[in-house]
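Here the numbering used here is used: the first residue of the sequence shown is 9, the next is one more, and so on.
Beta carbons are placed, not taken as given, at the ideal position from N, Cα and C, and that holds for glycine.
This report concerns only the one structure given below.
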Amino acid sequence: MKTYTKQQLALRNGQDKPEIWVAYKGLIYDVSASRLWKNGKHYEHWAGQDLTDELIDAPHTSEVFKKFQPIGLLKN
Ligand code: HEM
Numbered sequence: 009m010k011t012y013t014k015q016q017l018a019l020r021n022g023q024d025k026p027e028i029w030v031a032y033k034g035l036i037y038d039v040s041a042s043r044l045w046k047n048g049k050h051y052e053h054w055a056g057q058d059l060t061d062e063l064i065d066a067p068h069t070s071e072v073f074k075k076f077q078p079i080g081l082l083k084n
């Protein structure tokens with residue numbers, strides 16, 4: 009899998025590039041197809057970032073990522 013930097017991820021925020029990406033536990037997911045991530049916004053959260061520490065605020069678990077195939081790794 010390809011590795012991306014935080015800067016590269018940040019461009020996939022739903023505003024600067026057509027792709028909408030979210031990182032969770034070191035993996036990057038493409039959520040562009042999700043109606044729930046339109047324009048990069050998901051409730052109070054923005055795509056283009058590592059949202060691992062924010063999952064605690066969600067009414068759901070990480071099970072929501074199961075339907076998405078990771079498209080890359082986030083560089084430390
Ligand atoms: C205020 C916080 C949040 C709220 C209210 C919220 C709400 C929801 C709801 C209602 C759904 C669809 C139903 C479900 O699967 O349970 C959903 C799906 C999802 N959420 Fe969240 N969420 C929040 C935070 C987050 C965070 C921080 C992440 C990332 C770490 C995240 C990632 C996702 C993903 C990937 C989906 C699946 C989208 C799809 O299936 O199209 N959510 N969320």
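In whole angstroms, what is the alpha-carbon distance linking residue i and residue j?
| i | j | result |
| --- | --- | --- |
| V30 | A18 | 9 Å |
| K10 | P67 | 31 Å |
| G80 | K74 | 15 Å |
| G22 | K49 | 8 Å |
| T60 | W54 | 12 Å |
| N94 | Y37 | The displayed coordinates of the chain run from 9 to 84. Any statement about residue 94 would go beyond what the structure contains. |
| T69 | E62 | 11 Å |
| N84 | G34 | 8 Å |
Could you tell me whether any non-hydrogen atom of ligand 3 is closer than 8 Å to the CB of residue i?
| i | result |
| --- | --- |
| L59 | For ligand 3, the structure offers nothing, since it holds only ligand 1. |
State buried or exposed for residue i, treating a residue as buried only when at least 16 other CB atoms are found within 10 Å of its CB.
| i | result |
| --- | --- |
| Y32 | buried |
| Y12 | buried |
By the three-class DSSP mapping on this structure, what secondary structure does residue i have?
| i | result |
| --- | --- |
| D61 | helix |
| L19 | coil |
| V72 | helix |
For residue i, which residues of its own chain have a beta-carbon under 8 Å away from its beta-carbon, when the five flanking residues on both sides are left out?
| i | result |
| --- | --- |
| P26 | S40 |
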